[in-house]
């Protein structure tokens, strides 16, 4: 039966309940866990999905969906004392407010150690951060899988763009990505739904950028929001607050799409409040025989067994579990014979803001809150004249334009009827660009387990130590200069440029990745080209932990494509 | 919000989870909130009344209701009771009392109050520090334009509809709240 009970010597919980074995266990039910679950279940595997968050269901759990500000007790504000005492890190997220705070963990209840500032943003529910993601979905280009090989930072990727391209096709078709094909080699086109529209001011900027800078392109964001119906999901109705959940299933989340599809197969068992403690290693077979988890409500320690184990618990969550999976064969964490587990932590660097005002287009407007931005793909270090001598890799921009609303009244002179009525007109246009840059994989940027402090479930706390380096800083300077010159040639006024590096430490882009990287050599990497642990053949890691370099594209669609590809391999190879 | 808008909104919600209070607000004809029965959580009744008079001077009744009808003073009481840390709220309260007596607010007719506050606003706009006035003005704007009155009568809520990101301004009667 494969149910032999193995007591971990470090386990302080007396009661261990061994449950029936499954074909596969997936740890985490978010962006990648949802895809892993769906793909495994559709191939007929009885799959147990464990998530440390609270139960959360499509529709019924979307308690703040469409609730207007006046029906929120403080019109959207979270008390300042509570932000400081309970949500010190989570409250830094741009969409943290009264309508979303229940979707984030309380930092006060789930502490971690920052040797240098690192904002670890974590979800509180089944479906994870797929509920609150920004939905931007860009393929990596061929250059991204070659970057480490060519400039020598990090190790070479074990796969190339061509290996992943069919899986991008597949996952985009499933997720539903709206966007405009551009024919750019560095940002390959995908399987797109019709693009969203730009505003008059964005179209103006696009014209001026593309006529003045032949190497630069501006396109509408490629967004996992449906612009036409797909697989029983409705086209977007543009309510503008996706992160509260979408009853129409118009944007992709695990809660609304992949987990329900997995459940519909009849092969998924989903367990919330399941805090995974470690992966169980069987030295006789050199396999992961299952996982141990703690029921967050009863505090019971439970063991479950399976033929395949997929870790999709988020970059740092997955690595914390692996580091805590200690055995005499792997004293420093399961599948860590290389010693690189926990190392080469990356995130995209951001907090680069350039904006300007225009007096034109006062006769143009828009009618909805578009859940999407514009995008200026990377144009540096792509060969030829784009090569820089002061840094390697590159940056891209998201951005948006808007006409100011009545909130501008708070800083304007006046009171009374005329003052009030003057805000019935929209204010002037602002156009902003927000730079995002690639982060080099550095050995010293790492996480490890505390030897002295545990969390409320007895699991060692994670210590994180990461910082931006000289390459990122040099890139930031160029990124802001380029943004300023683009706004300038387009005639924007009162141009402002800000480098908010101090308030944007690693983590806050919420693109943290690396720490269990893929590679060709088992001595310098944790996973092979199929996201399979070099050391433990039935253990797979398909979330951001697997990443060998960071590129600059928003990563979720790549994680999902890698996950679908890894499941396909795992089921066929049956390791 | 008129009932037709309210009902068409429900139509596009596609089974979305509506809070009981939202649903009742949508179908009850979106009536003006009643004043009676409201007990402030932080301010005294006198302080609340002064805030109501001053916020209504910033955003008065015109062809649409002003700040008082929108409940802005109650919103400000809630911010002081629940959003701001208690020591900050207490500091504001004592500054408010000082402001009230310095400007003799209680003795002023509504007309005289508008005159006085116009001068206060002129000095503040010219750069003179005035934390009480800054608070009242900023909270009034924040509260009014997130209230049901401000968002549905004075301005318009963005519809749930097909997107037109580049359309004539003239097709939209009033701007989005």
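Protein chains in written order, with this note's numbering: chain A, 1 to 575; chain B, 576 to 752. Glycine is no exception: its CB is placed at the ideal position from the N, C-alpha and C atoms. Small disclaimer: the values here were computed from a predicted structure and weren't measured.
Rounded distance between the beta-carbons of residue j and residue i, thought under 8 Å
i	j	result
residue 321 of chain A	residue 52 of chain A	Contact flag wrong, Cβ pair sits at about 10 Å.
residue 544 of chain A	residue 253 of chain A	Between residue 253 of chain A and residue 544 of chain A the Cβ distance is about 17 Å, and since that is not below 8 Å, they are no contact.
residue 47 of chain A	residue 268 of chain A	5 Å
residue 524 of chain A	residue 338 of chain A	6 Å
residue 340 of chain A	residue 309 of chain A	The pair is not a contact, with the Cβ atoms about 20 Å apart (cut-off 8 Å).
residue 255 of chain A	residue 58 of chain A	5 Å
Within-8 Å CB hit, residue i to chain A
i	result
residue 632 of chain B	yes
residue 680 of chain B	no
residue 648 of chain B	no
residue 749 of chain B	yes
residue 689 of chain B	yes
residue 620 of chain B	no
residue 654 of chain B	yes
residue 741 of chain B	yes
residue 616 of chain B	no
residue 666 of chain B	no
Buried or exposed (CB count within 10 angstroms, at least 16 for buried), residue i
i	result
residue 750 of chain B	buried
residue 319 of chain A	buried
residue 406 of chain A	buried
residue 17 of chain A	exposed
residue 63 of chain A	exposed
residue 500 of chain A	exposed
residue 69 of chain A	buried
residue 331 of chain A	exposed
residue 94 of chain A	exposed
residue 712 of chain B	buried
Short Cβ contact (8 Å threshold) for residue i with residue j
i	j	result
residue 372 of chain A	residue 223 of chain A	yes
residue 116 of chain A	residue 466 of chain A	yes
residue 753 of chain B	residue 642 of chain B	Residue coverage of chain B in this structure runs from 576 to 752, which leaves residue 753 of chain B outside it and unanswerable.
residue 129 of chain A	residue 168 of chain A	no
residue 391 of chain A	residue 552 of chain A	no
residue 171 of chain A	residue 557 of chain A	yes
residue 487 of chain A	residue 495 of chain A	yes
residue 403 of chain A	residue 434 of chain A	no
residue 191 of chain A	residue 536 of chain A	no
residue 346 of chain A	residue 514 of chain A	yes
residue 260 of chain A	residue 329 of chain A	no
residue 479 of chain A	residue 395 of chain A	yes
residue 619 of chain B	residue 656 of chain B	no
residue 691 of chain B	residue 698 of chain B	no
residue 660 of chain B	residue 80 of chain A	yes
residue 317 of chain A	residue 326 of chain A	no
Separation of residue j from residue i, as counted between CA atoms
i	j	result
residue 13 of chain A	residue 301 of chain A	Residue placement at residue 13 of chain A is poorly supported in this model, since its pLDDT is 47, which falls under 50; the coordinates are not used for a value here.
residue 739 of chain B	residue 504 of chain A	34 Å
residue 518 of chain A	residue 730 of chain B	54 Å
residue 607 of chain B	residue 673 of chain B	Residue placement at residue 607 of chain B cannot be trusted, given a pLDDT of 36 that sits under 50; what the coordinates show is reported in the next sentence. When rounded, the distance between both Cα atoms is 32 Å.
residue 348 of chain A	residue 159 of chain A	21 Å
residue 363 of chain A	residue 201 of chain A	11 Å
residue 492 of chain A	residue 360 of chain A	9 Å
residue 305 of chain A	residue 136 of chain A	36 Å
residue 33 of chain A	residue 718 of chain B	41 Å
residue 118 of chain A	residue 342 of chain A	15 Å
residue 810 of chain B	residue 420 of chain A	Residue 810 of chain B is absent from the structure shown; chain B starts at 576 and stops at 752.
residue 646 of chain B	residue 722 of chain B	8 Å
residue 377 of chain A	residue 220 of chain A	10 Å
residue 183 of chain A	residue 174 of chain A	22 Å
residue 39 of chain A	residue 743 of chain B	46 Å
residue 198 of chain A	residue 490 of chain A	16 Å
residue 384 of chain A	residue 497 of chain A	28 Å
residue 724 of chain B	residue 638 of chain B	12 Å
residue 235 of chain A	residue 248 of chain A	8 Å
residue 381 of chain A	residue 186 of chain A	11 Å
is_contact[residue i, chain B] using C-beta, thresh 8 Å
i	result
residue 410 of chain A	yes
residue 365 of chain A	yes
residue 199 of chain A	yes
residue 196 of chain A	yes
residue 70 of chain A	yes
residue 225 of chain A	no
residue 209 of chain A	no
residue 277 of chain A	no
Contact set between residue i and chain E, taken where Cβ atoms lie within less than 7 Å
i	result
residue 238 of chain A	Within the model displayed, chain E is absent; protein chains A and B are what it includes.
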